[in-house]
């Protein structure tokens, strides 16, 4: 399955000026597509922080998506940070300059920032009219404006297609400490199923929500039945 | 000002099983307290991932808060991962064992996991009745259950007290490309103010929200007036 990481470049999120929307949306979209999201990082608008996060995620995951910092203003430093992360230079891309002119933008230092990309950057075309998605190695550099982020992600969404994970839940009134050994045994017997245990207080009578996830439907059902049998025994005691 | 990072240990967030609540809450709380949140990482329930993130954040920030993975079940691996991150062993802590007994829990492999902590771990007392906050160097290991996370954070909240940031906003109908040079000049003239520029589409007539933040009220007002003067010129053209 494709693995993915998302890097939110956003002082505005860390300081609470804006609520994070893009990672929150991408979680659900990647789940639908069947990719495995392995990491979300929300980091400051800082070249070193972005560069090191991009480099690390690029090594560890199939695909990396960044959000934000690609406009014309002084706080838009993602492209230069990606270049720094990969130790490459920056080039003015004629196809992007042409697009800026087509949009009727004056070509000045600010607008040309948007057309100056890391060496080796590929332009991934969408509908042929709007700004392309910028791809540097396995990193897609997307805009942070939520509406644009979502639209641009859909251009590359097919690359994230895998087999969707199936899920099951078991609820129990038993304490987590009383079911831990049982869950551990079921987990050991079903390595292809991921079993999680989440105590919830103040949400009705349930003490623990046990979640099961797998891409193997038969294994999922087998594990679910085994978990259920154990907690039913405890709940009836 | 105190700087902080938060590490959410959570397959359940990455896979979309549960919505992230703790970092979302902490953003606002740290803002109230006046600390600078520099990084949020949502990572998988994986010893290597947790260990390296904890080590890195511990070096870069004054305080680190982790969320999740501290219960008695097989997926609770935060404490051993923190130990791995700092290259220290684990010790069974008698004070915690006594607390488990006081709670009426049977002492078995599962419950004793909660009393086995990294070497050098300090127990930070809250109200003297509930489980203490676990502190390993500058890392606070908090439970992931939102209600508990918030309660435990309040025990250590005074450590995060600084001077609250003040903010201002300027809205403009100008395009970001047309205000970039002006913003950059105001930013250069006001290094103690952080100026951000966020295009927003489909939200009324505003094209760009310009945010200003500073702990220096006079500098903030000076920068706000300078930004406003520039965009008023453009908006009236």
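Protein chains in written order, with our numbering: chain A, 1 to 237; chain B, 238 to 474. Glycine included, each C-beta is placed from N, C-alpha and C at the ideal position.
In the same chain as residue 198 of chain A, and ignoring 5 residues on each side of it, the C-beta atoms closer than 6 angstroms to its own belong to 209, in chain order. Bridge pairing for residue 194 of chain A: A/213 [DSSP].
Put simply, the CB of residue 235 of chain A is far from chain B, with every gap to its CB atoms at 8 angstroms or more.
For residue 303 of chain B, the closest C-alpha among the options B/341, B/259 and B/324 is that of B/259. In this structure, residue 157 of chain A sits away from residue 192 of chain A, with a CB-CB distance that is not shorter than 8 angstroms. Of all C-beta pairs linking the region 12 to 30 of chain A to the region 264 to 275 of chain B, three or more are shorter than 8 angstroms, placing the two stretches in contact.
Note: residue 304 of chain B is bridge-paired with B/245 and B/379 in the DSSP secondary-structure output.
The three-state secondary structure of residue 374 of chain B, taken from DSSP, is coil. The residue among A/94, A/113 and A/95 with its C-alpha nearest the C-alpha of residue 80 of chain A is A/113. Burial state of residue 11 of chain A is buried, judged by a 10 Å Cβ sphere holding 16 or more other Cβ atoms. Contact note: residue 280 of chain B reaches chain A through 38, 39, 40 and 41, using a C-beta cutoff of 9 angstroms and chain order. Secondary structure of residue 424 of chain B (DSSP, three-state): helix. Relative to the Cα of residue 268 of chain B, the nearest Cα in the group B/287, B/448 and B/397 belongs to B/397. One alpha carbon belongs to residue 169 of chain A, the other to residue 84 of chain A, and they sit about 44 angstroms apart. Not one beta carbon of chain B lies nearer than 8 angstroms to the beta carbon of residue 22 of chain A.
Annotation for residue 273 of chain B: no alpha helix (DSSP H) segment contains it, though the beta strand (DSSP E) segment containing it runs 273 to 280. DSSP places residue 19 of chain A in no alpha helix (DSSP H); its state is neither H nor E. Counting only runs that start and end inside the region 322 to 371 of chain B, the alpha helix (DSSP H) elements of at least 4 residues fall at 331 to 339 and 346 to 350.
Within chain A, no C-beta atom comes nearer than 7 angstroms to that of residue 271 of chain B; the closest sits roughly 11 angstroms away.
Residue 414 of chain B carries a helical assignment under DSSP once its states are collapsed to helix, strand and coil. Where residue 54 of chain A is concerned, the enclosing alpha helix (DSSP H) starts and stops at 47 to 60. Scanning B/422, B/411, B/401 and B/448 for the CA closest to the CA of residue 240 of chain B turns up B/401.
Taking every protein chain shown into account, the CB of residue 473 of chain B has fewer than 16 other CB atoms within 10 angstroms, so this residue is exposed. With its beta carbon at least 8 angstroms from every one in chain A, residue 458 of chain B lies outside the interface. Rounded to the nearest angstrom, the Cβ distance from residue 45 of chain A to residue 69 of chain A is 6 angstroms, consistent with a contact under 8 angstroms.
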